[in-house]
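Chains A and B supply the protein sequences, listed in that same order.
Add 1 to a position in the first sequence, counting from 1, and you land on the number used in this note's numbering.
Add 71 to a position in the second sequence, counting from 1, and you land on the number used in this note's numbering.
Yeah, the Cβ is synthetic: ideal placement off N, Cα and C, and Gly gets one too.
What you are looking at is a predicted structure, and each value in this text was computed from that prediction instead of being measured.
Notes follow once the structure below has been shown.
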Amino acid sequence: MRSTPSSDPVSPEPAASEAFLRMEGVSKVYPMGDHAVFALRSVDLSVAAETFTAVVGRSGSGKSTLLHLLAALETPTAGKVTVGAWRLSALDRKAQTHYRRAMVGMIFQAFHLVPTMTAFDNVALPLVLAGVAPERRRARAEACLEMVRLTHRAGHRPAELSGGERQRVAIARALVADPPLLLADEPTGNLDSTTAAQIVELLARLRHEHGKTVVFVTHHFAEVAAVADRVVELNDGRVVGRGDSPASSL
Amino acid sequence: MRLVDLVSLAFANLKRNRVRSAMTLVGVAVGVAALAALLAYGAGLQRTARGEFEALDLHNALRVTSQPSPLGAAGDVAFLPQSSFDLDSLPPPVALTDSLLKVIEGLDGVFAAYPEIVFPVRLKAGRRAVVATAEAVPQAFGALPAYRPEAGAFFAASTDSTLLLAPSMARRLGFEPPESIVGDTILVSSATLNVRALRRGNPGVNFGMVAPPVGYRGYWLRVAGLLPEDGQAVSGLFRVILPLELAKGMRKITFFSTLDLLMRGAAAGGYSAVRVHLADPEAYAAVRRALRERGLYVTGFRDQFARLERLFLVLDLALGIIGFIALLVATIGIANTMMMNVLERTAEIGVMKAVGGDEGDLQRLFLIESAALGLFGGLAGLGVGWGIAALLGAFVDRYLHGLGLSGIDVFYLPPWMAGGILALAVVISLAAGFVPARKAARVEPIRALRSAT
Chain A
2 MRSTPSSDPV
12 SPEPAASEAF
22 LRMEGVSKVY
32 PMGDHAVFAL
42 RSVDLSVAAE
52 TFTAVVGRSG
62 SGKSTLLHLL
72 AALETPTAGK
82 VTVGAWRLSA
92 LDRKAQTHYR
102 RAMVGMIFQA
112 FHLVPTMTAF
122 DNVALPLVLA
132 GVAPERRRAR
142 AEACLEMVRL
152 THRAGHRPAE
162 LSGGERQRVA
172 IARALVADPP
182 LLLADEPTGN
192 LDSTTAAQIV
202 ELLARLRHEH
212 GKTVVFVTHH
222 FAEVAAVADR
232 VVELNDGRVV
242 GRGDSPASSL
Chain B
72 MRLVDLVSLA
82 FANLKRNRVR
92 SAMTLVGVAV
102 GVAALAALLA
112 YGAGLQRTAR
122 GEFEALDLHN
132 ALRVTSQPSP
142 LGAAGDVAFL
152 PQSSFDLDSL
162 PPPVALTDSL
172 LKVIEGLDGV
182 FAAYPEIVFP
192 VRLKAGRRAV
202 VATAEAVPQA
212 FGALPAYRPE
222 AGAFFAASTD
232 STLLLAPSMA
242 RRLGFEPPES
252 IVGDTILVSS
262 ATLNVRALRR
272 GNPGVNFGMV
282 APPVGYRGYW
292 LRVAGLLPED
302 GQAVSGLFRV
312 ILPLELAKGM
322 RKITFFSTLD
332 LLMRGAAAGG
342 YSAVRVHLAD
352 PEAYAAVRRA
362 LRERGLYVTG
372 FRDQFARLER
382 LFLVLDLALG
392 IIGFIALLVA
402 TIGIANTMMM
412 NVLERTAEIG
422 VMKAVGGDEG
432 DLQRLFLIES
442 AALGLFGGLA
452 GLGVGWGIAA
462 LLGAFVDRYL
472 HGLGLSGIDV
482 FYLPPWMAGG
492 ILALAVVISL
502 AAGFVPARKA
512 ARVEPIRALR
522 SAT
């Protein structure tokens, strides 16, 4: 049992057969003029299904790159990324789109809602993009707004919502296609501590109630310590610590 | 993504930047209006010319001469060798006599063959006088629709001292309503050679002087009827119709008599020229060939009109190019607007990709926005173009009515042309939106999302 992940980097990974999400020897290199910048270096990671994994580290440690690789928004320079039956490193652009539609809900620090759309329309957007019929997407968007307790704000535009409400809309949007994997990229970064705690609590509840696998990137381990099953610490593109969080042993 | 959702999203995006979209629409509308107005002007001119040609039944008319005529020989110039204009190298001319006319009338598909008698006249009714061109037609022409009077009647006999004219001519002579002229007698004067002046033998007299050796001969003719204005739309200002035998007997200097003196027609005898009117337009080529085989020179009005139509084609092309350039400039505005939209919405495009947006859908979304600008700009432009055409057409009509003439279609925009312009506006708008749409589709979601934070 640890208060910070780096204090005990030897906690066991899930067995390969149990892993829902797996990274093997993954590196990501960005060419910058004459030299290369290593965002990730030979990362190995396994995450079991329906768990809450916190990825922590300082700015530039490679947290967001790791998340982008899991979302198939980027491809690894080396190594293998597998999510469920999807081998992401082998996907072409079209298949990447299909993967994101089927498997991933993304939540961003800056919310990234479409400013001209209402909360309802923002939530329904992934279903619109996937070509889902209006009746089905209406029912699903209403259900997701209900999950994040925002039914009463469905007709409001992002500018009319508080930061916490915007992030809840973004979470509802991430849930609307019912993906098994939720990737949250510092979703509390723009929120006050009270609201941040509510968002973390909401994601933890969704994981339990709806069986989602959550990968949560944050600067502040403390805010997820109570809910995370596992913690992975990155530094300079390497995994420098991993293990069960206090919450997993409760 | 469903098409209805793509269209709905595209319209929402255009509404988002109302001012920019509106300005772009105005640009396209101006371009389309310019193209529509210019093409409608060309089409209007062509339609007016064709309408006049058809109303006068000229597509069924041939002009026959005994020698190559330097006037109106458009149908034959390309056909004749250059030496045809060297009078000494030509075979003896065939005299255009009444017996030859009978032979021509016997050819299959010929309705009538009659001598060409066209000469200037002065019409006087009360204190008003106008100058016109008198043209003689045979009695048989009474059966042709173009010569069916809208008031009064066609000549009762070819020797009647009567004439037919257009309502606009009646108005110019001071008759309002124009039908009131029917039955009235007016003075028709033709120009004749003044034999006495010629005999005086003034060596300084020639036809270029202010007082040439000509006189006038007046005839009191009754107005038998009014010909339809439509058939006289342009020429109604100048043209009156006389019975053939009456015109033959009138003293006059015809347009072609001087020419005949200079060429060899006079030596051959007979008429200067003969007009052949066909009963069957399909017989045109066969009759022309038969006449040429008899050593006659044939000018087809249809050939002349074909040349005219080629000129119209060139005119239309020139007008179309000018209009197209205007439209092209407008579509550069679309490209600019769409590029701005892509740049402004880069983050949004990134989000859409991150939440499952397909590259093809994003490209289609921006193409639909471009096409919508082209479509609605095009519709507005057609409306404006039609409005301009209607306004200018009304001005021209008013001016012509002031001259006592019926109106003409200065602008004519047939539905197929309007549809073509609209389709062109949409197609080049799509082309203008292609690069921005492609750029949108190729946006790297990670870069886009980073740019927004």
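Within a 10 Å sphere around the beta-carbon of Phe-466/B sit fewer than 16 other beta-carbons, which makes this residue exposed. Here the C-alpha atom of Thr-76/A lies approximately 21 Å from the C-alpha atom of Val-57/A. The beta carbon of Leu-110/B sits closer than 8 Å to those of Asp-387, Leu-390, Gly-391, Gly-394, Leu-484, Met-488, Ile-492, all from its chain and outside the five residues before and after it, given in chain order.
Collapsing the DSSP output to three states places Tyr-342/B in coil. Non-local C-beta neighbours of Ile-499/B in its own chain, meaning closer than 6 Å and more than five positions away in sequence, comprise Thr-402, ordered along the chain. Secondary structure at Asp-193/A: coil, using DSSP grouped into helix, strand and coil. Proximity of Leu-520/B to chain A, defined by a Cβ-Cβ separation below 8 Å, is satisfied. By the neighbour-count criterion, in which 16 or more other beta carbons inside 10 Å mark a residue as buried, His-209/A falls on the exposed side. Residue-level contact check: Thr-219/A does not touch chain B, since none of the beta carbons of chain B fall below 8 Å from its beta carbon. Residues of chain B whose Cβ lies closer than 7 Å to the Cβ of Met-107/A are, in chain order, Ala-425, Val-426. Bridge partners of Thr-214/A according to DSSP: Leu-182/A. DSSP, read as helix, strand or coil, puts Pro-188/A in coil. Contacts with chain A at 8 Å (Cβ-Cβ) include Met-72/B.
Inside the segment 6–81 of chain A, DSSP marks whole alpha helix (DSSP H) runs of 4 or more residues at positions 64–71, from first to last along the chain. Look at Ala-83/B: its C-beta is under 8 Å from a C-beta on chain A. By alpha-carbon distance to Met-423/B, the top candidate from Arg-23/A, Gly-242/A, Phe-109/A is Phe-109/A.
Taking C-beta atoms as the reference points, Asn-131/B and Pro-299/B fail to come closer than 8 Å. Annotation for Gly-289/B: Leu-258, Ser-260 place their beta carbon closer than 6 Å to its own, counting only its chain and skipping 5 residues before and after. For the segment 109–121 of chain A, residues whose beta-carbon sits nearer than 9 Å to a beta-carbon of chain B comprise Phe-109, Gln-110, Ala-111, His-113, Leu-114, Val-115, Pro-116, Thr-117, Met-118. In the same chain as Glu-224/A, and ignoring 5 residues on each side of it, the C-beta atoms closer than 8 Å to its own belong to Thr-189, Ser-194, Ala-197, Ala-198, Val-201, in chain order. Taking all protein chains in view, the Cβ of Glu-206/B is crowded by 16 or more other Cβ atoms within 10 Å, so the residue is classified as buried.
When the beta-carbon positions are compared, Thr-204/B and Arg-310/B come within less than 8 Å of each other. Of the candidates Phe-372/B, Arg-91/B, Ala-120/B, Arg-513/B, the residue whose Cα lies closest to the Cα of Gly-421/B is Arg-513/B. If you draw a straight line from the Cα of Leu-85/B to the Cα of Leu-114/A, it is about 18 Å long. Counting the other Cβ atoms within 10 Å of the Cβ of His-69/A gives 16 or more, which makes it buried. According to DSSP, Gly-289/B shares a beta bridge with Ser-260/B. By the beta-carbon neighbour count (other beta carbons within 10 angstroms, threshold 16), Gly-456/B is buried. When C-alpha distances from Tyr-112/B are compared across Leu-520/B, Gly-245/B, Ile-479/B, the shortest belongs to Ile-479/B.
Between Pro-127/A and chain B, the shortest Cβ-Cβ separation is below 8 Å. Shown here is that no member of the segment 29–63 of chain A has a Cβ falling below 7 Å from a Cβ of chain B. Rounded to whole angstroms, the separation of the alpha carbons of Ala-508/B and Gln-434/B is 5 Å. Along the segment 87–106 of chain B, going in chain order, the ones with a CB nearer than 7 Å to a CB of chain A are Arg-87. Counting only residues of its own chain and dropping the five nearest sequence neighbours on each side, Ser-60/A has a CB closer than 8 Å to the CB of His-220. DSSP, read as helix, strand or coil, puts Lys-173/B in helix. Take Cys-145/A, set aside five residues on each side of it, and the residues of its chain with a beta-carbon closer than 6 Å to its own are Val-124, Ala-173, Leu-176, Val-177, in chain order. Using beta-carbon distances, Ala-111/B does not count as an interface residue toward chain A, since no partner is under 8 Å.
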